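Residue numbers (my numbering): -17 to 471.
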Ligand code: NAI
Ligand code: CS2
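1. Taking DSSP's pairing of strands, which residues face residue 78 in a bridge?
2. Is residue 455 near residue 304, with beta carbons less than 9 Å apart?
3. Could you tell me the alpha carbon to alpha carbon distance between residue 298 and residue 340, rounded to whole angstroms?
4. Which residues mark the beginning and the end of the alpha helix (DSSP H) in which residue 52 is found?
5. For the beta strand (DSSP E) holding residue 235, just list the boundary residues, first then last.
6. Quick check on the DSSP output: what are the complete alpha helix (DSSP H) runs of length 4 or more inside the stretch 115 to 167, in order along the chain?
7. Please confirm whether residue 86 and residue 61 have their CB atoms less than 9 Å apart.
8. Using a threshold of 8 Å, is the CB atom of residue 49 nearer than that to any non-hydrogen atom of the ligand NAI?
9. In whole angstroms, what is the alpha-carbon distance linking residue 5 and residue 38?
10. Thinking residue 174 and residue 127 are a contact (beta carbons under 8 Å), I'd like their distance in whole angstroms, please.
11. Have a look at the DSSP bridge pairing and note the partners of residue 40.
12. Let me make sure I understand the geometry here. Which of 240, 267, 247, 250 has the alpha-carbon closest to that of residue 259?
13. From residue 300 to residue 306, what does the alpha carbon distance come to, in whole angstroms?
14. On the CB-based measure, 16 or more other CB atoms within 10 Å of its CB, does residue -5 come out buried or exposed?
15. Which residue comes first and which comes last in the beta strand (DSSP E) that contains residue 242?
16. With three or more C-beta pairs closer than 8 Å as the rule, is the stretch 184 to 191 touching the stretch 206 to 213?
17. Following a CB-centred definition, is residue 20 positioned closer than 8 Å to any heavy atom of the ligand NAI?
18. Determine whether the beta carbon atoms of residue 383 and residue 286 lie at a separation below 9 Å.
19. Check each candidate in 148, 57, 397, 21 and name the one with the smallest Cα separation from residue -12.
20. Taking contact to mean 3 or more Cβ pairs, one atom from each stretch, closer than 8 Å, check whether the stretch 7 to 22 and the stretch 100 to 108 are in contact.
21. Any idea what DSSP makes of residue 27, helix, strand or coil?
22. Using the Cα positions of residue 129 and residue 46, report the straight-line distance between them to the nearest angstrom.
23. Compare the Cα-Cα distances from residue 216 to each of 470, 345, 293 and report the closest residue.
24. Can you give me the C-alpha to C-alpha distance between residue 448 and residue 397, rounded to a whole angstrom?
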């Protein structure tokens, strides 16, 4: 079957939306690092909207810092791909044309540096996962012992990390008399802009203090909150879309109708006239905290409890009444720790989240959400628990979610099915758990693991006791029984 491309786009069914602008005339005002599914269903769509609105400056040069996979999917398609929006049985396909080039940075670092240093480039966006910033999840400090960061600390002629590329390119821009670009983290991290800025400034200082000062003074790293559920694409998704389109699209992404991008009003250069789905604001933190603690906190609890119960998809977990009860209880606990934006109706937001989780055609795998838990739990669950303890409030639902993450580290679900613990800290976590002979010992080992658990929380007897109770129940009776016991109170 032919691939989607400039040659075949004219053969698509009439109801498939496609670029309404001249792609040959667009310039790439955006460089994106981490060309994954989320970028293709979120930021790239927003920039595609700007191009469709008549501003040709917002094409994208995308890059992977790790793999040629997406380049091989997109380049034969002239950068075109389908965003398939699924809402229950309804689905709508849209061809996105904003991505012009895909660079595989390890194969051609100078091409990425040239794109970042180009006078056309005004914005750099990043979706490199929580671990991509090379920052300690608990302290936020640069992980200097990381081999790629260690190399970038020595030399930046061929960077290996995202902060490394940004520092090297900003040095090139300063030398060329150009302004910096606005660097926008689009990862699920609290204060993601500040974290990115800290990583860039710390690395810059190690090479050239005056460059660091220039970046600090002239650069911009806005905070953002990003939201759209984008499950990983499967071979079945590609095959089903090929039947719909009549051509094969290996770069397609599937997602939901909901999209939200809250961006701090902090840019050091041009930006699009953002349209639907984008809010420019002075205060991102209230939005970010609500989303990370409500949506993502529940997601992680669902992923580990559902995964342990041998359940593949989010919507299948929430078909269990005891799971819905647990999610609502976790939201009751988390909600008291929030300072929500005045315009956010939290009750309505919770109802919308449950409806989004229930969307059966998203087929969001519990295992995908379970990935990288060591990088996710600090902002999704542990910070919430710390706030509840400080307020003298209960932490039962939140502790059950963390206990399920601890149980997940065993690499086997309640049915005896083995799973890989996909996490950059899986090995050291397994090492500290290996010698533990009881739930109490395993909890003590995890609480002492300061790369994930902040010291103040590690010393909480309330947290230790709750975590031990739930872990012991998970180990002896499984996730379904634990959820049932939780519901019984
Ligand atoms: P993906 O697996 O499709 O893409 C991940 C991207 O991150 C790839 O380009 C990969 O090369 C890159 N990456 C991974 N580790 C890296 C490292 N150490 N250094 C540099 N690049 C690295 O995943 P997807 O769905 O695009 O999600 C990426 C991130 O986007 C998530 O981690 C999250 O922070 C954010 N996000 C994802 C949402 C979703 O529903 N998928 C929704 C909201 C945010
Ligand atoms: C999910 C997020 O994989 C995960 O960890 O919780 O990617 C989630 O889909 C997004 O944050 C939704 O905006």
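Quick reminder that beta carbons are idealized off the backbone N, C-alpha and C, glycines included. Here the structure is a predicted model, which is why all the values come from computation and not from measurement.
Let me lay it out:
1. Translated into the one-based positions of the chain shown, residue 78 becomes position 96. Paired residues: 63.
2. For the purposes of this step, residue 455 is identified with residue 473 of the chain shown, where counting begins at 1. For the purposes of this step, residue 304 is identified with residue 322 of the chain shown, where counting begins at 1. No.
3. Position 316 of the chain shown, counted from the start, is the residue given in the question as residue 298. Position 358 of the chain shown, counted from the start, is the residue given in the question as residue 340. For residue 298 and residue 340, the distance between alpha carbons rounds to 8 Å.
4. As a first step, residue 52 must be located in the chain shown, where it is residue number 70. Unbroken alpha helix (DSSP H) run through residue 52: 51 to 56.
5. Taking the first residue of the chain shown as 1, we reach residue 235 at position 253. Element bounds for residue 235: 235 to 237.
6. 129 to 136, 144 to 157
7. What you label residue 86 is simply residue 104 of the chain shown in a count that begins at 1. What you label residue 61 is simply residue 79 of the chain shown in a count that begins at 1. Going by C-beta atoms, residue 86 is not nearer than 9 Å to residue 61.
8. Within the chain shown, residue 49 is the residue found at index 67, counting from 1. At least one heavy atom of the ligand NAI is nearer than 8 Å to the Cβ of residue 49, so yes.
9. The sequence position of residue 5 within the chain shown is 23, counting from 1. The sequence position of residue 38 within the chain shown is 56, counting from 1. Residue 5 and residue 38: Cα-Cα distance of roughly 8 Å.
10. Position 192 of the chain shown, counted from the first residue, corresponds to residue 174. Position 145 of the chain shown, counted from the first residue, corresponds to residue 127. Their Cβ separation, rounded to whole angstroms, is 23 Å, which puts residue 174 and residue 127 out of contact at 8 Å.
11. As a first step, residue 40 must be located in the chain shown, where it is residue number 58. Answer by DSSP bridge pairing, in chain order: 10.
12. Mapped onto the chain shown, residue 259 falls at position 277. Of the listed residues, the one whose Cα sits closest to residue 259 is 240.
13. Position 318 of the chain shown, counted from the start, is the residue given in the question as residue 300. Position 324 of the chain shown, counted from the start, is the residue given in the question as residue 306. Taking the straight line from one Cα to the other gives about 6 Å.
14. By 1-based counting over the chain shown, the position of residue -5 is 13. Exposed is the call here.
15. As a working mapping, residue 242 is identified with position 260 in the chain shown. Run containing residue 242: 242 to 246, per the beta strand (DSSP E) assignment.
16. no
17. Indexing the chain shown from 1 puts residue 20 at position 38. Yes, the ligand NAI has a heavy atom inside 8 Å of this Cβ.
18. Locating residue 383 in the chain shown gives position 401, where the first residue counts as 1. Locating residue 286 in the chain shown gives position 304, where the first residue counts as 1. It is a contact, given that the beta carbons lie within the stated cut-off.
19. Translated into the one-based positions of the chain shown, residue -12 becomes position 6. Nearest C-alpha to residue -12: 57.
20. yes
21. For the purposes of this step, residue 27 is identified with residue 45 of the chain shown, where counting begins at 1. Residue 27 falls in the helix class under three-state DSSP.
22. Residue mapping note: residue 129 aligns to position 147 of the chain shown, counting from 1. Residue mapping note: residue 46 aligns to position 64 of the chain shown, counting from 1. If you take the alpha carbons of residue 129 and residue 46, they lie about 18 Å apart.
23. Along the chain shown, read from residue 1 onward, the residue named residue 216 stands at position 234. The option with the nearest alpha carbon to residue 216 is 345.
24. Taking the first residue of the chain shown as position 1, residue 448 is located at position 466. Taking the first residue of the chain shown as position 1, residue 397 is located at position 415. Cα-Cα distance, rounded: 25 Å.
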